[in-house]
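Report on the structure given below.
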Amino acid sequence: EPEVTQTPSHQVTQMGQEVILRCVPISNHLYFYWYRQILGQKVEFLVSFYNNEISEKSEIFDDQFSVERPDGSNFTLKIRSTKLEDSAMYFCASSPAISRHNEQFFGPGTRLTVL
Amino acid sequence: QKEVEQDPGPLSVPEGAIVSLNCTYSNSAFQYFMWYRQYSRKGPELLMYTYSSGNKEDGRFTAQVDKSSKYISLFIRDSQPSDSATYLCAMSHSGGGADGLTFGKGTHLIIQP
Chain A
39 EPEVTQTPSH
49 QVTQMGQEVI
59 LRCVPISNHL
69 YFYWYRQILG
79 QKVEFLVSFY
89 NNEISEKSEI
99 FDDQFSVERP
109 DGSNFTLKIR
119 STKLEDSAMY
129 FCASSPAISR
139 HNEQFFGPGT
149 RLTVL
Chain B
11 QKEVEQDPGP
21 LSVPEGAIVS
31 LNCTYSNSAF
41 QYFMWYRQYS
51 RKGPELLMYT
61 YSSGNKEDGR
71 FTAQVDKSSK
81 YISLFIRDSQ
91 PSDSATYLCA
101 MSHSGGGADG
111 LTFGKGTHLI
121 IQP
């Protein structure tokens, strides 16, 4: 069964450093998303991406965040200058055709630790 | 008032029992309702997906949506120890575009053998 994959599973970085989190969505899906989950808190929407551009973003997704689909398979989230409060699980998700765009399938997540 | 409220639990029931999990929400614009299961330190796994009010059944799982009360439920019949996990409700608005999901905090469910 196809699934969303994410790398790395755990990323440790120093405050102020840039990190890139990588995702490979399910191959025939059209919509891509990033979410985060701070330990003990709810899953929060960051951004959605369709047709090579941002479709929607939350207030969390400020100028330090960016997303990119550099090729036909990868989808990345870049955090330019990490802060301690960026420590969280980051989940990538994808969904299929427009009529089912809210049926989102999640990857296993990348645990980001900012020291 | 939070957009989506969900009792965090833990909810502990004996194996074989019927489990009822619930969420309330405040935003009447929500049209799509989902239930996800999340095991510890794993990604959410989509269980049920419903549009607007009504019931949907899939095996041992039944999802109910009551938009008039802004209340959704997930029932698990013949619960198994492997059902022990955190159950997240999620919802989104109608309309085009790639709406982000709004999640509840999740209910931690424990099925005792």
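If you read the protein sequences in the order shown, they are chains A and B. The first sequence maps to residues 39 to 153 in the working numbering. The second sequence maps to residues 11 to 123 in the working numbering. Every residue, glycine too, gets a C-beta built ideally from N, C-alpha and C.
Under the criterion of beta carbons closer than 8 Å, L84 (chain A) and S96 (chain A) qualify as touching, at roughly 6 Å. Near chain A, meaning a CB-to-CB distance below 8 Å, the residues of the segment 48-61 of chain B are R51, K52, G53, P54, E55, L56, Y59.
The beta-carbon of D109 (chain B) is placed less than 9 Å from the nearest beta-carbon of chain A. DSSP links V23 (chain B) through a beta bridge to B:I121. Here DSSP, grouped into helix, strand and coil, assigns S63 (chain B) to coil. Counting C-beta atoms within 10 angstroms of its own C-beta, K121 (chain A) has fewer than 16 neighbours from the protein chains shown and is therefore classed as exposed. Listed by position along chain A, the residues whose Cβ is nearer than 7 Å to that of L119 (chain B) form an empty set, because the closest Cβ is around 16 Å away.
Burial is judged here by how many other beta carbons sit within 10 angstroms of a residue's own beta carbon; Q74 (chain B) has at least 16 and is buried. Under the three-state reduction of DSSP, L57 (chain B) is assigned to strand. With respect to the C-alpha of Q48 (chain B), the residue from B:I121, B:Y97, B:G19 having the closest C-alpha is B:Y97. By the beta-carbon neighbour count (other beta carbons within 10 angstroms, threshold 16), M44 (chain B) is buried.
C-alpha of P146 (chain A) to C-alpha of G64 (chain B): approximately 31 Å in a straight line. The beta carbon of T112 (chain B) sits closer than 9 Å to some beta carbon of chain A. Our two residues, A27 (chain B) and Q122 (chain B), have alpha carbons roughly 10 Å apart in a direct line.
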